[in-house]
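Protein chains: 2
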Amino acid sequence: MVAKAHPSAFSNGHPACEDCGVRSIAVCAAAGVELLPRLTALATGRRIDAGQTLFQEGDVADEVFTLTEGMLKLYKLMSDGRRQIVGFLVPGDFLGLAFGRSYVYSAEAVVPTTVCRFRRPQFLDMLEDCPAMEKEILGRTSTELAAAQEQMLLLGRKTARERVASFIVSLARRSKIEHEGSLPLPMSRSDIADYLGLTIETVSRTFTLLRKEKLIELPDKHVVEIKKRAELEQVAGF
Amino acid sequence: MVAKAHPSAFSNGHPACEDCGVRSIAVCAAAGVELLPRLTALATGRRIDAGQTLFQEGDVADEVFTLTEGMLKLYKLMSDGRRQIVGFLVPGDFLGLAFGRSYVYSAEAVVPTTVCRFRRPQFLDMLEDCPAMEKEILGRTSTELAAAQEQMLLLGRKTARERVASFIVSLARRSKIEHEGSLPLPMSRSDIADYLGLTIETVSRTFTLLRKEKLIELPDKHVVEIKKRAELEQVAGF
DNA sequence: CACCGACATTGACCCAGATCAACATCACAC
DNA sequence: GTGTGATGTTGATCTGGGTCAATGTCGGTG
Chain A
34 MVAKAHPSAF SNGHPACEDC GVRSIAVCAA AGVELLPRLT ALATGRRIDA GQTLFQEGDV
94 ADEVFTLTEG MLKLYKLMSD GRRQIVGFLV PGDFLGLAFG RSYVYSAEAV VPTTVCRFRR
154 PQFLDMLEDC PAMEKEILGR TSTELAAAQE QMLLLGRKTA RERVASFIVS LARRSKIEHE
214 GSLPLPMSRS DIADYLGLTI ETVSRTFTLL RKEKLIELPD KHVVEIKKRA ELEQVAGF
Chain B
34 MVAKAHPSAF SNGHPACEDC GVRSIAVCAA AGVELLPRLT ALATGRRIDA GQTLFQEGDV
94 ADEVFTLTEG MLKLYKLMSD GRRQIVGFLV PGDFLGLAFG RSYVYSAEAV VPTTVCRFRR
154 PQFLDMLEDC PAMEKEILGR TSTELAAAQE QMLLLGRKTA RERVASFIVS LARRSKIEHE
214 GSLPLPMSRS DIADYLGLTI ETVSRTFTLL RKEKLIELPD KHVVEIKKRA ELEQVAGF
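Those protein sequences? They're chains A and B, same order as listed. Residues 34 to 271 (the numbering used here) make up the first sequence, in order. Residues 34 to 271 (the numbering used here) make up the second sequence, in order.
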């Protein structure tokens, strides 16, 4: 018997899926209640310190994950160290389903992070029995593809000012911030630069510029306060 | 009865799926033989002249397509006319399954092109009855996402020389050209520029540069001949 | 055939953002 | 408290690729 001061947890230190904080927004939401015990049995938790990598580009892709807490950055490296961050993941996001032998990007925690891990073969087996979950994954992959295409427009054609404005507006949308308001910025300037195809200096200067234009405020390195949402969206080119 | 001098064709001018030239490499390959008549009944053909658009970003996404002949470019436009091409499609490729109300990019023929068209609701109904096809679409979407992420690295971090080299190598791989050899380049310099996040002048200069470096030859505006494949891959950063 | 318009190449110059460098800020260890 | 290293900001300068402009190439048309 498990004491219930806290939600029930299994020997692997992972809470049961029924108690999972992100279940309603994760791919698991598509699994019917009858599949929850099976999901729970397959899942193991993992804690990742800030800066620690979950996996690296080229590793054999034998696990898939749901992010339950924190933030991950996904990136690709060139041999000389140039880096492109291809995405930031937030709780509820799913990752790892590479169609191929190995992961096509590295994943590293931006802040202390927890993920829920599944072995790939077992997860795929479960997908067989749960078409709703497969549909959900297809939908998410499609949405991610559309976001990647939007980012291609940003990287290929937007100015530094437009890039930074787009970044802030996109983050705000994902955080469900509708108008003006305060936005956490957990990643470093270097991460932002490598996401936007700029240098840290240009990112810093551009934040300062937007602040001088009174579109944003920067009460702290890791917080942006949106002051003029409409103008910011305008600058972003949305 | 349909005379069989040519493969059987239906009133809509579209050949039956069983006779389709790209069936073995399209999503339709995942449909069992028993589904072919149903596929054929749903499909209609469409011819698109070079330069004509199949659909535009923002149009209601009520159709999906398989490219049967020619080449399409997919692109996003900004209000001031800046353009980012997010992909070139070749026969066998599938497009249009936007997860949302409307298409997120425009599609235009690069050369005279034919597509096979399905109404979305009917196509989705068919997917319900054919999990193999849904899996196939998920696999393709995943692969496309990985390609988009590779392109993000190109757009965010590579030099003009690396971009053009990457472009040539990627095209060669898709055309199954393994080593040295001649490669058709159906799109204009302007299309290449908008795909690589460069200007036409830089694309032109960079082709000339690679030619002077003896990595490629340019016997014609629309042909590249790869002379030193290994060095080209090196420059591309692969 | 000559003419035309679209596309591509090449040259001269310019500028947005990179690079190099100095300094500021802050969390943390001692 | 003071020192130290990581992170961020700001300034000065440089440069890869953009912009502007002239010229070349070629397929189509009368």
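All C-beta atoms, glycine included, are put in the ideal place defined by N, C-alpha and C.
Would you mind telling me which residues of chain A sit closer than 7 Å to residue i, beta carbon to beta carbon, in chain order?
i, result
"Phe132 (chain B)", "Gly172, Ser175 and Thr176"
List, in chain order, every chain B residue whose beta-carbon is nearer than 7 Å to that of residue i.
i, result
"Gln117 (chain A)", "Met185, Leu186, Gly189 and Arg190"
"Gln182 (chain A)", "Lys109, Val119, Val137, Tyr138 and Ala181"
"Gly230 (chain A)", "Leu188, Gly189 and Arg190"
How long is the line joining the alpha carbons of residue i and residue j, rounded to whole angstroms?
i, j, result
"Val119 (chain B)", "Gly84 (chain B)", "17 Å"
"Ser199 (chain A)", "Thr239 (chain A)", "12 Å"
"Val202 (chain A)", "Ala181 (chain A)", "16 Å"
"Glu183 (chain B)", "Arg173 (chain A)", "19 Å"
"Asp95 (chain A)", "Ser112 (chain A)", "24 Å"
"Thr232 (chain B)", "Gln117 (chain B)", "11 Å"
"Ala263 (chain B)", "Arg150 (chain A)", "39 Å"
"Ile210 (chain B)", "Leu100 (chain B)", "21 Å"
"Val143 (chain A)", "Thr146 (chain B)", "46 Å"
"Glu162 (chain B)", "Ala179 (chain B)", "For clarity, residue 162 (chain B) is Asp in the given sequence; the question names Glu instead. Whole-angstrom Cα-Cα distance: 28 Å."
"Arg79 (chain A)", "Thr86 (chain B)", "48 Å"
"Cys261 (chain B)", "Glu213 (chain B)", "This sequence places Lys at residue 261 (chain B); Cys is not what is there. Taking the straight line from one Cα to the other gives about 6 Å."
"Asp158 (chain A)", "Leu243 (chain B)", "49 Å"
"Ser135 (chain A)", "Val93 (chain A)", "4 Å"
"Leu251 (chain B)", "Leu218 (chain B)", "10 Å"
"Glu246 (chain B)", "Leu204 (chain B)", "20 Å"
"Glu51 (chain A)", "Leu69 (chain A)", "7 Å"
"Ser57 (chain A)", "Ala165 (chain A)", "14 Å"
"Phe88 (chain A)", "Cys53 (chain A)", "23 Å"
"Phe156 (chain B)", "Arg194 (chain B)", "42 Å"
"Leu160 (chain B)", "Ala62 (chain B)", "13 Å"
Would you call residue i buried or exposed, if buried means 16 or more other Cβ atoms sit within 10 Å of its Cβ?
i, result
"Gly91 (chain A)", "exposed"
"Thr241 (chain B)", "exposed"
"Glu141 (chain B)", "buried"
"Leu72 (chain A)", "buried"
"Ala64 (chain A)", "buried"
"Thr192 (chain B)", "exposed"
"Val148 (chain A)", "buried"
"Pro48 (chain A)", "buried"
"Ala270 (chain A)", "At residue 270 (chain A) the sequence reads Gly, which differs from the Ala that was named. Burial call: buried."
"Ala74 (chain B)", "exposed"
"Val55 (chain A)", "buried"
"Gly114 (chain B)", "exposed"
"Lys254 (chain A)", "exposed"
"Ser139 (chain A)", "buried"
"Lys109 (chain B)", "buried"
"Ser175 (chain A)", "buried"
"Val256 (chain A)", "exposed"
"Asp227 (chain A)", "buried"
"Glu234 (chain B)", "exposed"
"Val137 (chain B)", "buried"
Since residue i meets chain B, which of its residues come closer than 9 Å, beta carbon to beta carbon?
i, result
"Met220 (chain A)", "Simply none; closest approach about 15 Å."
"Gly114 (chain A)", "Those within 9 Å of Gly114 (chain A) in chain B number zero; the least Cβ separation is about 10 Å."
"Glu167 (chain A)", "Pro164, Glu167, Lys168 and Leu171"
"Gly270 (chain A)", "Met111, Ser112, Asp113 and Arg115"
If we call anything under 8 Å between Cβ atoms a contact, is residue i one with residue j?
i, j, result
"Ala59 (chain B)", "Gly125 (chain B)", "yes"
"Glu258 (chain A)", "Ser215 (chain A)", "yes"
"Gly189 (chain B)", "Leu188 (chain A)", "yes"
"Val197 (chain A)", "Val236 (chain A)", "yes"
"Ser207 (chain A)", "Val123 (chain A)", "Residue identity check: residue 207 (chain A) is Arg in the sequence provided, not Ser. Yes, they are a contact pair."
"Met185 (chain A)", "Met185 (chain B)", "yes"
"Ile170 (chain A)", "Phe132 (chain A)", "no"
"Arg153 (chain B)", "Val66 (chain B)", "no"
"Leu265 (chain B)", "Leu248 (chain B)", "yes"
"Glu167 (chain B)", "Glu167 (chain A)", "yes"
Report the partner residues of residue i according to the DSSP bridge assignment.
i, result
"Ser135 (chain B)", "B:Val93"
"Cys149 (chain B)", "B:Gly78 and B:Thr99"
"Ile259 (chain A)", "A:Gly214 and A:Ile249"
"Phe121 (chain B)", "B:Lys106"
"Leu243 (chain A)", "Answer by DSSP bridge pairing: none, since Leu243 (chain A) is not bridged."
"Ala140 (chain B)", "B:Phe88 and B:Leu107"
"Arg116 (chain B)", "B:Leu110"
"Leu128 (chain B)", "B:Phe98"
Examine the ligand NAP and report whether any of its heavy atoms sits within less than 7 Å of the Cβ of residue i.
i, result
"Ala49 (chain A)", "Of ligands this structure carries none, so the ligand NAP is not represented either."
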